[in-house]
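In what follows, a structure is listed as structure tokens, so that the remarks can point back to it.
Residue numbers (the working numbering): 18 to 329.
Have a look at this one:
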């Protein structure tokens with residue numbers, strides 16, 4: 018069996034900006050930030066099929082099977098670590114053929130991704146033109162052209178784009194490269210994070226688990242296009258109107274709901290809304306005794322999926 022192989026992959030470099038200065042200012046705070054950075058990396062990479070090839074000091078090198086997964090990872094990571102206490106991270110992505118050997122990755126792709134990452138500002142996500150072309154029509158991955166750069170040890174100039182987040186401050190936003198209008202697909206749905214109506218953190222985990230379970234159950238309906246969990250979780254901390262979310266995600270309908278617990282009972286409410294008109298299409302509530310929260314979670318998710326399958 019060969020211990021090496023060639024494959025097409027997206028390479029992502031993520032680096033904490035100014036980590037040395039952080040260490041000099043407050044070592045304990047700096048270590049806490051790097052630990053949080055790595056924990057976020059590992060959690061989100063697992064969700065998006067990313068492989069952490071190696072950590073290097075205050076940064077990391079990751080490998081993804083597609084540009085879309087890499088860009089979605091980068092966007093979710095920046096949204097996560099820009100919540101206080103902010104961790105300033107810059108990200109660079111390039112795609113091409115790489116050599117995998119004994120757990121390491123080699124090739125010009127690695128060099129170019131590293132050079133692109135070094136040019137990105139804190140909080141920024143810079144990508145090469147091939148990555149931009151692959152994500153240009155993907156929902157939630159708007160990009161703008163930044164500049165053409167001659168990179169060290171790279172023969173041809175590289176056109177660099179930035180994947181936008183709510184924290185982006187792009188240097189250049191040409192009119193010709195404004196984000197494209199989303200095409201709303203029929204029978205498409207986004208499940209927003211269910212709201213926790215109490216201050217109990219255990220209830221927060223239940224709400225997130227319920228959201229994820231509903232997405233899983235709805236994804237089993239072949240005729241229904243369901244937006245991924247990673248795409249909708251951004252609206253948990255950055256709420257927007259139903260119409261805005263519908264346009265950004267390109268969905269026809271949105272499911273939102275809440276969870277409220279009183280003593281040994283839990284009430285789950287859910288409502289289906291037309292994303293274009295803000296009109297309520299369906300609503301219901303589910304009252305359950307708190308015995309096994311995972312059983313309740315799955316039962317309610319299946320009930321909602323069954324109703325929506327008939328409704329849609």
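Yeah, the Cβ is synthetic: ideal placement off N, Cα and C, and Gly gets one too.
Three-state class that DSSP yields for residue i in the structure shown
i, result
"residue 252", "helix"
"residue 260", "helix"
"residue 302", "strand"
"residue 213", "strand"
"residue 280", "coil"
"residue 126", "helix"
"residue 244", "coil"
"residue 46", "helix"
"residue 66", "coil"
"residue 104", "coil"
"residue 202", "strand"
"residue 121", "strand"
"residue 312", "helix"
"residue 115", "strand"
"residue 197", "Per-residue confidence for residue 197 stands at a pLDDT of 42, beneath the threshold of 50, marking its modelled position as unreliable; the derived number appears in the next sentence. Looking at residue 197 - three-state DSSP - the assignment turns out to be coil, as it is neither helix nor strand."
"residue 327", "helix"
"residue 57", "helix"
"residue 317", "helix"
"residue 153", "coil"
"residue 185", "coil"
"residue 36", "helix"
"residue 137", "coil"
"residue 52", "helix"
"residue 191", "Note that residue 191 scores 43 on pLDDT, short of 50, meaning its location in the model is unreliable; the coordinates nonetheless yield the value given after this. Note: residue 191 maps to coil in three-state DSSP."
Rounded Cβ spacing between residue i and residue j (contact assumed at less than 8 Å)
i, j, result
"residue 302", "residue 285", "7 Å"
"residue 160", "residue 144", "7 Å"
"residue 243", "residue 232", "6 Å"
"residue 125", "residue 113", "7 Å"
"residue 227", "residue 314", "5 Å"
"residue 134", "residue 108", "6 Å"
"residue 322", "residue 235", "5 Å"
"residue 33", "residue 75", "4 Å"
"residue 241", "residue 206", "6 Å"
"residue 53", "residue 104", "7 Å"
"residue 276", "residue 224", "5 Å"
"residue 272", "residue 312", "No, residue 272 and residue 312 are not in contact; Cβ-Cβ is about 21 Å, not under 8 Å."
"residue 70", "residue 80", "5 Å"
"residue 47", "residue 36", "7 Å"
"residue 115", "residue 24", "6 Å"
One or two residues paired with residue i in a DSSP bridge
i, result
"residue 110", "29 and 144"
"residue 207", "271"
"residue 73", "76"
"residue 176", "165"
"residue 291", "270"
"residue 307", "Answer is none; residue 307 lacks a bridge partner."
"residue 160", "180"
"residue 22", "117"
"residue 81", "27"
"residue 297", "290"
"residue 285", "276 and 303"
Cβ neighbour criterion (16 or more within 10 Å) applied to residue i
i, result
"residue 96", "buried"
"residue 18", "Here the model assigns residue 18 a pLDDT of 37, short of 50, so the residue's position is not dependable, and the following value carries that caveat. With fewer than 16 Cβ atoms within 10 Å of its Cβ, residue 18 is classed as exposed."
"residue 30", "buried"
"residue 121", "exposed"
"residue 251", "buried"
"residue 39", "buried"
"residue 210", "buried"
"residue 89", "buried"
"residue 195", "Bear in mind that the predicted position of residue 195 carries a pLDDT of just 41, short of 50, making it too unreliable to give a figure here."
"residue 60", "exposed"
"residue 213", "buried"
"residue 248", "buried"
"residue 156", "buried"
"residue 304", "exposed"
Extent of the continuous alpha helix (DSSP H) run through residue i
i, result
"residue 91", "84 to 98"
"residue 221", "218 to 236"
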